[in-house]
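Colleague: Below you will find the structure I want to go over with you.
2 protein chains.
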Amino acid sequence: MTELSEIGEFDLISKLTKDFKIQNKSTHKGIGDDAAVLSYTDKVLVSTDMLVEGVHFDLSYVPLKHLGYKAAVSNFSDVYAMNGIAKQITVSLAVSSRFQLEALTELYQGIQLACEQYGVDLIGGDTSSSTKGMVISITVLGEAKQTNVVYRNTAQTNDIVCVTGDLGAAYMGLQLLEREKNIFQAAPEIQPKLEGYDYILERQLKPEARLDVIEMFAELGIKPHAMIDISDGLSSEILHICNQSNKGCKLYEEKIPVAPETIRMAEELNMDPVVAAMNGGEDYELLFTISEPDFQKIKKSADITAIGYIADASAGVDLIAMDGVKVPIVAQGWNTMQQ
Amino acid sequence: MTELSEIGEFDLISKLTKDFKIQNKSTHKGIGDDAAVLSYTDKVLVSTDMLVEGVHFDLSYVPLKHLGYKAAVSNFSDVYAMNGIAKQITVSLAVSSRFQLEALTELYQGIQLACEQYGVDLIGGDTSSSTKGMVISITVLGEAKQTNVVYRNTAQTNDIVCVTGDLGAAYMGLQLLEREKNIFQAAPEIQPKLEGYDYILERQLKPEARLDVIEMFAELGIKPHAMIDISDGLSSEILHICNQSNKGCKLYEEKIPVAPETIRMAEELNMDPVVAAMNGGEDYELLFTISEPDFQKIKKSADITAIGYIADASAGVDLIAMDGVKVPIVAQGWNTMQQ
């Protein structure tokens with residue numbers, strides 16, 4: 001193992017980034033100067049996220065390669081949520097002396113895999129020591145034509161509310177990992193039971209972002225009216241769209257797509273799978289509202305589900321439960337400041 | 340005092356950012372969606388820095404407002420070092436429960452002051468809890484015409500090597516603060532003696548970036564061949580320029596601009612002020628190499644000093660000491676990974 005104290009900062013950066021290839025024409029100059037230089041012809045999209053060990057991730061069960069992949073992909077997702085294409089990231093990292101070069105190499109291998117998979121270039125960053133644990137800060141840049149950018153605040157009354165994929169699986173994957181961690185801590189001789197839970201574990205540990213959906217919109221020449229990615233749970237995200245658009249909505253519990261594996265895990269833990277879908281977060285699916293004619297063009301896609309419709313603000317923001325009872329939606333997403 | 344746990348993340352962000360005004364036409368959409376949307380006509384410059392409490396700053400003597408100002412300005416400096424104009428920043432913050440709303444408000448007041456002073460817009464960020472201390476990650480975006488961008492790797496043989504302002508003062512300010520902290524820790528009844536040291540304290544606690552120099556280059560229609568900002572000390576920065584340009588250089592110790600206040604503090608602490616200038620860092624002055632004819636146009640400026648010239652790589656990278664002895668320059672800048 002190689003201690004980071006044996007390597008200078010510039011050596012470390014070149015070791016960690018040597019296998020990254022530049023894939024985009026818009027990346028004029030990447031790592032190696034005071035700033036990267038980019039050539040954009042359309043609008044520039046910028047988003048940033050910070051992940052703190054012990055708050056956002058637990059290295060006792062998250063492999064570093066997966067962490068790198070997820071950290072990158074969750075940032076790409078913010079650009080897709082604007083109907084844009086992610087093009088570049090910067091990665092800043094603070095790590096305590098507990099981490100060796102080999103650990104950071106694994107983290108960067110995950111970031112590299114995500115960059116290759118989604119056609120994104122690593123163009124800069126910063127590496128420093130921390131007094132405790134690991135902190136990762138990623139900024140993503142992306143591109144979109146001005147007329148294509150989709151905001152949160154432009155939902156229209158009578159729009160169909162759609163989600164991609166299924167919801168709640170990432171949250172149930174986390175519950176499983178936490179359960180097995182607790183069992184292991186109480187009795188280290190018992191091996192974690194993770195077999196047969198592949199789907200929810202993959203959703204938690206190695207989520208994907210929906211570039212494919214953005215590409216489908218472009219191919220079909222359609223544009224949602226409002227869009228957001230589901231990082232904090234459906235409740236929190238639909239409230240952002242409705243509040244910022246000054247609209248109400250009706251969502252139908254029976255329509256919310258939940259995978260069988262998610263339901264199975266929820267039953268095992270005596271939890272309601274709809275709670276996981278509404279408040280779990282980290283699914284990185286897209287929530288969007290779209291006109292009825294445009295919805296007709298995409299409804300054949302098995303991976304898009306209509307879950308309700310946008311109404312005037314006076315109608316409120318409600319979930320219609322299986323039994324027909326109307327329940328106001330309140331944000332219970334992960335609020336990292338309150339954890 | 341308001342505990343952060345009493346406020347939700349979105350409330351906190353709106354409280355911290357409510358007084359920021361958008362100043363640039365290129366900021367199409369700032370805070371409030373999945374990503375900010377920017378309109379650039381020229382090249383996009385991007386740089387990022389992470390600051391960790393206990394590694395990069397010590398809150399026992401750094402006021403939070405100054406910290407915010409310095410964190411922002413040091414990022415702007417990276418864009419000026421490319422001969423560009425800083426336009427936007429994102430600010431991500433992780434803080435432990437030791438910090439209250441009032442502390443973060445002070446930090447953001449410093450960031451806001453820097454943004455107003457330098458014409459930069461805050462366009463996004465992330466706020467989360469940390470398990471220990473404060474971590475600040477800032478990404479800056481700036482703009483420059485392609486033909487104006489100045490890199491580190493394009494110094495030419497016979498270029499004049501210039502620095503702006505004076506060097507070593509920020510480092511001596513830090514030494515003073517550390518001395519007074521140690522005295523205070525040993526004997527809390529003794530008040531810190533900081534009067535009469537205003538210049539070096541200001542250079543450490545509230546540095547400025549050299550937007551004025553970039554504007555002067557534009558007015559005079561001149562462009563340095565290579566440029567970098569002095570964040571890690573002159574030694575480290577001239578080595579970046581020489582190594583990346585595959586050149587050598589001769590710098591003259593007697594030419595290096597050091598303020599009288601810096602010399603006085605160094606004498607008080609029995610230190611060599613030139614060591615502070617060469618290896619201290621955090622001055623955020625610009626180091627650039629320029630053709631002799633272009634140098635003639637700027638040499639009247641009292642704030643620019645020629646300190647040597649670029650030579651072929653075979654000449655080596657040397658400092659000619661006061662006594663005429665040639666000393667090879669080696670990097671001894673702050674290497675945060677090795678602290």
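Heads up: the sequence lines are chains A and B, in that order. When you number the first sequence by the working numbering, it's gap-free, plus one each residue, and the end is 339. When you number the second sequence by the working numbering, it's gap-free, plus one each residue, and the end is 678. Even for Gly, the Cβ is constructed at its ideal location relative to N, Cα and C. Bear in mind that the values here come from a model prediction, so they are computed numbers and not experimental data.
Which residues in the same chain have their Cβ closer than 6 Å to the Cβ of B/A433, if we skip the five residues on either side of it in sequence?
Modeller: S467, S469 and V474
Colleague: Taking the Cβ atom as the reference point for each residue, do B/V478 and B/T366 lie within a distance shorter than 8 Å?
Modeller: Residue identity check: residue 478 of chain B is Thr in the sequence provided, not Val. Going by C-beta atoms, B/T478 is not nearer than 8 Å to B/T366.
Colleague: Please classify B/E392: does DSSP put it in a helix, a strand, or coil?
Modeller: strand
Colleague: Considering only C-alpha positions, which residue in the set B/V656, B/L398 and B/P531 is nearest to B/Q583?
Modeller: Ranked by how close their Cα comes to the Cα of B/Q583, the residues B/V656, B/L398 and B/P531 have B/V656 in first place.
Colleague: Buried or exposed for B/P527, going by 16 or more other Cβ atoms inside 10 Å?
Modeller: exposed
Colleague: For a test of the three-state rule: what should DSSP assign to B/T356, helix, strand or coil?
Modeller: helix
Colleague: Quick one: grab the DSSP three-state call for A/M271.
Modeller: coil
Colleague: Give, in chain order, every residue of the stretch 147 to 172 of chain A whose Cβ lies closer than 7 Å to some Cβ of chain B.
Modeller: V149, Y151 and R152
Colleague: Flag this pair as yes or no: are the beta carbons of B/R491 and B/A565 separated by less than 8 Å?
Modeller: A contact, by the Cβ cut-off of 8 Å.
Colleague: So what does DSSP say about B/E621, is it helix, strand or coil?
Modeller: coil
Colleague: Kindly indicate if chain B contains any beta-carbon less than 8 Å away from that of A/V274.
Modeller: no
Colleague: Quick check: the stretch 73 to 84 of chain A against the stretch 497 to 512 of chain B, are there 3 or more CB pairs under 8 Å?
Modeller: no
Colleague: Specify whether the stretch 566 to 576 of chain B and the stretch 402 to 421 of chain B touch according to this definition: at least 3 beta carbon pairs, one from each stretch, less than 8 Å apart.
Modeller: yes
Colleague: So, does the stretch 449 to 468 of chain B touch the stretch 609 to 619 of chain B, judging by three or more C-beta pairs under 8 Å?
Modeller: no
Colleague: In chain A, which residues lie with their C-beta within 7 Å of the C-beta of B/H685?
Modeller: Nothing can be reported for residue 685 of chain B: it is not among the residues displayed for chain B, which extend from 340 to 678.
Colleague: List, in order along the chain, the chain A residues whose C-beta lies closer than 9 Å to that of B/G560?
Modeller: Correct list: empty, because the minimum Cβ distance to chain A is about 21 Å.
Colleague: Out of curiosity, what's the CA-to-CA distance linking A/M278 and A/E106?
Modeller: 33 Å
Colleague: Just how far apart, CA to CA, sit A/I7 and A/L64?
Modeller: 20 Å
Colleague: Throw me the rounded Cβ distance for the A/H66 and A/G32 pair, which I believe falls under 8 Å.
Modeller: Not really, about 28 Å apart at Cβ, beyond 8 Å.
Colleague: For my contact list, A/L319 and A/E253 are in at a C-beta cut-off of 8 Å; report their separation, rounded to the angstrom.
Modeller: 6 Å
Colleague: What does DSSP give as the partner residues of B/Q439 in its beta bridges?
Modeller: B/E342
Colleague: Using a Cβ-Cβ distance cut-off of 8 Å, determine whether A/K15 contacts chain B.
Modeller: no
Colleague: Could you confirm whether any beta carbon from chain A is found closer than 8 Å to the beta carbon of B/T478?
Modeller: yes
Colleague: Nearest CA to the CA of A/R179: which residue from A/P192, A/A170 and A/E143?
Modeller: A/P192
Colleague: If you measure between the beta carbons of B/C588 and B/Y648, is that distance less than 8 Å?
Modeller: yes
Colleague: If I follow the unbroken alpha helix (DSSP H) through B/Q635, where does it start and stop?
Modeller: Run containing B/Q635: E631 to I637, per the alpha helix (DSSP H) assignment.
Colleague: Does any CB atom of chain B fall closer than 8 Å to the CB of A/T2?
Modeller: It does not; no Cβ of chain B falls within 8 Å.
Colleague: Please decide whether A/M278 counts as near chain B, where near means a Cβ-Cβ distance under 8 Å.
Modeller: no
Colleague: Over what stretch of residues does the alpha helix (DSSP H) that includes B/M566 continue unbroken?
Modeller: No alpha helix (DSSP H) holds B/M566; the beta strand (DSSP E) holding it covers A565 to D568.
Colleague: Does DSSP classify B/Y419 as helix, strand or coil?
Modeller: helix
Colleague: Do B/M511 and B/I539 have their CB atoms nearer than 8 Å?
Modeller: yes
Colleague: Taking 8 Å as the CB-CB limit, is A/Y40 close to chain B?
Modeller: yes
Colleague: When the Cα of B/L377 is compared with those of B/E482, B/S353 and B/L351, which residue comes out closest?
Modeller: B/E482
Colleague: Roughly how many angstroms separate the alpha carbons of A/D323 and B/V383, rounded to a whole number?
Modeller: 54 Å
Colleague: Any beta-carbon of chain A closer than 8 Å to the one on B/I567?
Modeller: yes
Colleague: Indicate the three-state DSSP secondary structure (helix, strand or coil) for B/I450 in the structure shown.
Modeller: helix
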